[in-house]
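2 protein chains.
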Amino acid sequence: MAELSADSGVPVATIKYYLREGLLPAGRRIGPNQAEYTPEHVKRLRLVCALREIGGLSLAEVADVLAALDAGRAARVVLGVAQDGRVTVRPVPAPARAWALGRVAELLGEPADDTGPAVANLVTVLAVCHGLGHDGISGRLAEYAALAREVAAVDAALIDDIGPARRPAETALITTLLGERLFAELRHLALVDVLTAASAEA
Amino acid sequence: MAELSADSGVPVATIKYYLREGLLPAGRRIGPNQAEYTPEHVKRLRLVCALREIGGLSLAEVADVLAALDAGRAARVVLGVAQDGRVTVRPVPAPARAWALGRVAELLGEPADDTGPAVANLVTVLAVCHGLGHDGISGRLAEYAALAREVAAVDAALIDDIGPARRPAETALITTLLGERLFAELRHLALVDVLTAASAEA
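This is the structure:
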């Protein structure tokens with residue numbers, strides 16, 4: 000276990016906790032106080048850390064996602080599990096919520112029945128922006144959606160590249176959760192460039 | 000305070016905590032046990048909740064961001080503060096880190112000196128993907144960066160729309176942090192559409 004900790008950079012106490020919580024399968028027992036861990040254990044541990052520290056999932060959410068992965072569920076099912084609980088849904092005032100539902104319905108071209116977590120999260124984000132008096136973002140919703148489709152096409156190509164035999168669900172998960180962070184950082188860098196250029200002109 | 004709680008949906012105990020931590024300015028005292036809160040207080044409270052629950056910032060991070068906003072710092076400075084600490088930087092193995100630095104240097108067309116938080120976060124995300132054996136994402140880095148520039152152009156137009164008189168830094172912050180969630184949900188919906196269509200064909 001000391002070696003597993005050294006290989007992954009995760010403290011022994013955390014590894015023990017993950018083992019107890021079932022996030023990491025037990026090693027093969029090779030002595031009264033020794034167990035053998037394989038490279039698969041190191042990889043699993045890295046995945047747990049990545050989902051938590053970069054994906055921002057709670058331990059319970061990581062457990063749900065890993066269970067779906069291990070059960071061999073389809074990529075889109077695993078993604079749905081990961082998307083659940085991405086937004087803490089504090090009760091949003093009813094008028095703001097109704098307004099946001101209207102915007103999402105316009106965008107998706109069908110009555111938003113507020114089912115899947117992604118649609119619910121979208122409605123919450125727009126309702127919160129509305130409550131903050133920042134409606135500009137919803138006025139640009141169609142533009143953002145069109146660009147999101149282009150990004151998703153790159154994601155899909157990436158998942159396709161590895162072929163169905165090699166864990167497409169895991170690739171989809173990493174593409175989505177780590178890719179979300181990656182894209183946000185790229186967007187941040189690009190926006191700061193634009194703002195800096197604008198202030199240099201002013 | 001009961002009214003402030005009702006208007007915002009935030010429990011009284013949480014409001015008291017925010018007051019103690021200085022995230023929310025004190026109300027105007029109008030009696031020994033009463034204070035008056037304005038619509039500005041309600042808005043501030045909503046902003047704190049949005050940054051925490053949708054932006055995923057910790058309380059300490061929210062405090063830093065609000066301090067930068069209140070000090071009238073430029074939008075790009077406020078964004079830099081918000082971007083700090085978005086990725087928990089666990090020590091990444093040196094070879095993976097060097098590899099990721101190389102990819103980022105290729106992309107940014109200059110030696111990545113690993114300064115600003117966004118560049119550091121980018122390097123960490125790529126290094127973690129590399130450690131997980133998922134290098135596909137870095138192979139698509141230039142495509143993602145090109146689309147991120149288009150998204151940032153929409154963000155910049157949105158910030159521009161409101162004009163310099165009306166809190167551009169706050170708009171930039173909401174556009175970035177809430178917009179990150181918004182865009183991720185749109186991307187998720189688009190990707191699930193593609194994956195569902197692909198599995199229907201198969």
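Going line by line, the protein sequences match chains F and Y. Under numbering that gives the first Met the number 0, the first residue of the first sequence is numbered 0, with each subsequent residue one higher. Under numbering that gives the first Met the number 0, the first residue of the second sequence is numbered 0, with each subsequent residue one higher. Virtual Cβ for every residue (Gly too), placed ideally from N, Cα, C. Just so it is clear, the structure is predicted and the values come from calculations on it, not from any experiment.
For the alpha helix (DSSP H) containing Y/Ile14, name the first residue and the last one. Val11 to Arg19
Does the distance from the CB of F/Gly54 to the CB of F/Leu176 come in under 8 Å? yes
Pick helix, strand or coil for F/Ala73, following the three-state DSSP scheme. coil
What does the alpha-carbon distance come out to for the pair F/Leu98 and F/Ala126? Note that residue 98 of chain F is Trp in the sequence shown, not Leu. Approximately 7 Å between the Cα atoms of the pair.
Got a sec, what are the start and stop residues for the beta strand (DSSP E) F/Ile161 sits in? Premise fails: F/Ile161 is in no beta strand (DSSP E) and is neither H nor E.
Tell me the DSSP secondary structure of F/Gly30 in three-state form. Note: F/Gly30 maps to strand in three-state DSSP.
Own chain partners of Y/Phe182 with C-beta closer than 7 Å, once the 5 adjacent residues on each side are dropped: The answer, listed in chain order, is Val150.
Does Y/Pro90 pass the burial test, meaning 16 or more other C-beta atoms within 10 Å, or should it be called exposed? exposed
Chain F partners of Y/Ile136, CB-CB under 8 Å? Leu157, Ile173, Thr174, Leu177, Gly178 and Leu181
Continuous beta strand (DSSP E) assignments of at least 3 residues falling wholly in the region 90-129 of chain Y: Correct list: empty.
Can you tell which of F/Cys48, F/Arg19, F/Leu3 and F/Val86 has the C-alpha that lies nearest to the C-alpha of F/Gln33? Ranking F/Cys48, F/Arg19, F/Leu3 and F/Val86 by Cα distance to F/Gln33 puts F/Leu3 first.
State the Cα-Cα distance for the pair F/Ala189 and F/Pro31, rounded to the nearest angstrom. 56 Å
So the candidates are Y/Val191, Y/Ala197, Y/Pro167 and Y/Ala104; which of them puts its Cα closest to the Cα of F/Ser198? Y/Pro167
In whole angstroms, what separates the C-alpha of Y/Val46 from that of F/Val9? Per the sequence shown, the amino acid found at residue 46 of chain Y is Leu instead of Val. Straight-line Cα distance between these residues: approximately 35 Å.
Cα-Cα separation between Y/Asp6 and Y/Ala196, rounded to whole angstroms: In a straight line, the C-alpha of Y/Asp6 is about 44 Å away from that of Y/Ala196.
Does the structure place the region 153-162 of chain F close enough to the region 130-137 of chain Y that three or more beta carbon pairs sit under 8 Å? yes
Amino acids of chain Y, ordered along the chain, whose beta-carbon sits closer than 8 Å to that of F/Pro90: Proximity of chain Y to F/Pro90 at the Cβ level (cut-off 8 Å) is accounted for by Gly8, in chain order.
Contacts of Y/Arg148 in chain F (Cβ-Cβ under 7 Å): Ala189
Beta carbon of Y/Gln82 nearer than 8 Å to that of Y/Ala117: yes
How many whole angstroms separate the CB atoms of F/Leu194 and Y/Ala74, which I take to be in contact at a CB cut-off of 8 Å? The pair is a contact, with the Cβ atoms about 6 Å apart (cut-off 8 Å).
Does the separation of the CB atoms of F/Gly132 and F/Pro92 fall below 8 Å? no
Starting from the Cα of F/Arg28, find the closest Cα among F/Val80, F/Thr37 and F/Val191 and give me that residue. F/Thr37
Find the nearest neighbour of Y/Leu44 within the set Y/Asp69, Y/Leu18 and Y/Glu142, judged by alpha-carbon distance. Y/Leu18
Give me, in chain order, the residues of the same chain whose beta-carbon lies closer than 8 Å to that of F/Val64; leave out the 5 immediate sequence neighbours on both sides. Leu50, Leu56, Val77, Val80, Ala81 and Leu172
Tell whether a beta-carbon distance below 8 Å holds between Y/Ala147 and Y/Leu106. No, these two residues do not count as a Cβ contact at 8 Å.
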